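Residue numbers (this note's numbering): 12 to 526.
Have a look at the structure below before the remarks.
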Amino acid sequence: MLREDMEIILKLIWSYIIGIVTPEDIESDSDFFELGATSLNVASMTIHAREAFGILVPASVIYEYTTLKRLAVHMDKLLQGGGAHDIDNLRQQWLSDVMLAQNLALPNGSCPDWTSANEGRVFVTGATGFIGAFLIHNLLLLPAARVIKCLVRADTEEQGLQRILANLTKYNLLQDPMTNDAHLSKLIPVLGDLSKPRLGLDQDSFESLGLWASVVYHLGAQVNYNQPYTIHRPANVIGTLHILELAGTGRPKALHYISSIAAFGPTGLLKESHISEDQPLDPYIDSIVYETGYGQSQWVADMMVQTLIRKGFPIAIHRLGFVLCHSETGIGNQDDFMARLVVDCINMGAYPYLPNQRKELIPVDYACSAILSISLSNSKNLGKVFHITPDNDATTSSSMDMTDLFQEINDLLGIQLAALSYDEWLVRLSSFGDTQDLLMAPLLPVLTEKVYRGKTRWEVQEFMANFRTENTRAALMTAGLNDVLKRSAVDRTMLARYLSFLDLTSERKLDTWSM
């Protein structure tokens, strides 16, 4: 097929699915997203491209080749049997990116106890995220945290502060009677961007921040399960590099890097039953090939941080499981994968049967308590990795798998969701989406794309290893927080509160189920 013909067909598809442009409005250098396309349109694009050309077009391709001309060229390669994502080149990109921080040097001096009387100056990224809101709230109530500067994207400091406060309000954290104006006065927005050199600051401001900060908590990250590594790289890899540069500016300071167990990829492919906190990440380059672009960026950033730990930088890595909700209030992130999954499965009356699959669900208050407790111990816990997951050892696991999760939902709501094979569930999901609003619709590309022996990225997560937590357990027990450990896993009571937060009352549920 001639490229010109390819462009004509793609113009018709783009015009149809975006809806606000005509084919005549679209030029060769027109950008899919600048024309108004959304993640829902990406899902539609993969379906229409398969119907028009008879080939599978991953969502990652749509995100990577965003102009009409570039997409047409790549589609032509796919039709010729080539042009599939070159995994060897991508591996080389990962390995090259891991070494981006290797030449950074630790400043002279000793790492201060950030909780001491003349310190207490905290710098945080990711303050406008779900976990960030709860960590900020905990820091506000902590006397040792005297000033809290938060990196935020905004045009003015007033707008930046309002973004932070709006996020706290979103999760009902400003309604906490323990939080007052004196606490909120600790907050200072720093206008910038993780992906930009020096975090978007001028040289003097960046150096001043490096001297000012007593401790850094780096939570900021981009999470989109459809987008490829190249799209996540600016915020998650280059952004982490910029934070490491800040850690090496001015004076030594503790850095607490918030990573994810997604950095390991589908561990079942490597036939491992347990993964310790001290286990090297290097071998998992073979499993992250089948991970999302987000998970791949987590492997690279985590590995990059470890290169500086080996050079003596005072850094701790906190690898989180899936942070679902608050253990007491049930408040969660209604826009995340689990919220969308739970609501859609309940509304359509079925869930995917995926044996031995876990999301390592944890409460957000446990995650933040663990991070803060580990960081308050200062030098004792620096240079280590901590799995912030349900408390696991070599023989037992407190984590709930996906089958257990939906059985608990059945019991709590008094319903009977059908356990379907993954393919059957996808068919029902797609059919349900034809007549009802489908929260999982933007995720259909990643749910359907086969990546390994006929299995999708979600299916290859089966038989995943247990994430051991000896370092985390030791740190919390040393701090006298044995009771906190008992709340490390989402249990039936927390799940009931979460379902209540999602407004899945039994009456509404049964009405929906009968449809």
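Even glycine gets a Cβ: it sits at the ideal position worked out from N, Cα and C.
Predicted, not measured: the structure shown is a model, and the values here were computed from it.
Query, Result
"Who are the near neighbours of P118 in its chain, counting only those whose CB is closer than 6 Å to its CB and skipping five residues on each side?", "R262 and P263"
"From the DSSP output, in three-state form, read off Y364 for me.", "coil"
"Rounded to a whole number of angstroms, what is the C-alpha to C-alpha distance between I20 and L455?", "23 Å"
"Using the C-alpha atoms, what's the distance from E371 back to V471?", "16 Å"
"Going by the CB atoms, is the gap between L162 and D124 shorter than 9 Å?", "no"
"Does the beta-carbon distance from Y295 to H243 come in below 9 Å?", "no"
"Does V353 pass the burial test, meaning 16 or more other C-beta atoms within 10 Å, or should it be called exposed?", "buried"
"Roughly how many whole angstroms lie between the Cα atoms of L257 and I37?", "43 Å"
"Roughly how many angstroms lie between the CA atoms of G323 and L393, to the nearest whole one?", "10 Å"
"DSSP puts R527 in a beta bridge; with which residues?", "Given that the chain is displayed from residue 12 to residue 526, the structure contains no residue 527 and the question cannot be resolved."
"Any chance the segment 284-299 sits against the segment 152-170, with 3 or more Cβ pairs inside 8 Å?", "no"
"Considering only residues of the same chain and omitting the five flanking positions on each side of L150, which have a CB-CB separation below 7 Å?", "V133, A156 and I159"
"Helix or strand or just coil, what does DSSP make of R132?", "strand"
"Confirm, please, whether the CB-CB distance from V109 to M315 is below 9 Å.", "yes"
"Among the residues of its own chain, which have a CB less than 8 Å from the CB of T340, if the five just before and after it don't count?", "N183, R508 and F512"
"Buried or exposed for T49, please, with buried defined as at least 16 other CB atoms from any protein chain shown within 10 angstroms of its CB.", "exposed"
"Report the residue from D415, A138, L281 and E460 whose alpha carbon sits nearest the alpha carbon of Y236.", "E460"
"Is it buried or exposed, Q368, if we count other Cβ atoms within 10 angstroms and call 16 or more buried?", "buried"
"Please determine if the segment 135-146 and the segment 371-382 are in contact, where contact requires at least 3 C-beta pairs separated by less than 8 Å.", "yes"
"What are the boundary residues of the alpha helix (DSSP H) that P456 is part of?", "L455 to T459"
"Among residues of its own chain, excluding the 5 on either side of R498, which ones have a beta-carbon nearer than 7 Å to its beta-carbon?", "S338, P374 and Y377"
"So, using beta-carbon positions, are V457 and R468 closer together than 9 Å?", "yes"
"Are T318 and Q113 closer than 9 Å when you measure CB to CB?", "yes"
"Using the beta-carbon count (16 or more within 10 Å), is A128 buried or exposed?", "exposed"
"Measuring straight from C-alpha to C-alpha, what distance separates M526 and D434?", "Confidence at M526 is low in this model, with a pLDDT of 26, below 50, so the placement of that residue should be treated as unreliable; the coordinate-derived value is given next. Their Cα atoms are separated by approximately 22 Å."
"Three or more beta-carbon pairs under 8 Å between the segment 224-233 and the segment 178-196, yes or no?", "no"
"Would DSSP call L280 helix, strand or coil?", "helix"
"How many Å lie between Q91 and Q104 at the Cα?", "25 Å"
"What would DSSP say about H285, mapped onto helix, strand or coil?", "strand"
"Determine, using beta-carbon pairs with one atom in the segment 24-39 and one in the segment 49-61, whether at least three such pairs fall under 8 Å.", "yes"
"N477 bridges to which residues according to DSSP?", "H285"
"Here's a check: name, in chain order, each residue in its chain whose Cβ is nearer than 6 Å to the Cβ of A273, leaving out the five neighbours to either side.", "G306 and Q309"
"For G259, which option in R503, G221 and D347 has the closest C-alpha, if you only look at C-alpha atoms?", "G221"
"For I382, which residues in the same chain have their Cβ closer than 6 Å to its Cβ, ignoring the five residues on either side in sequence?", "H329"
"How many Å lie between I426 and R61 at the Cα?", "37 Å"
"Output yes or no for whether 9 Å exceeds the beta carbon distance between R479 and S287.", "yes"
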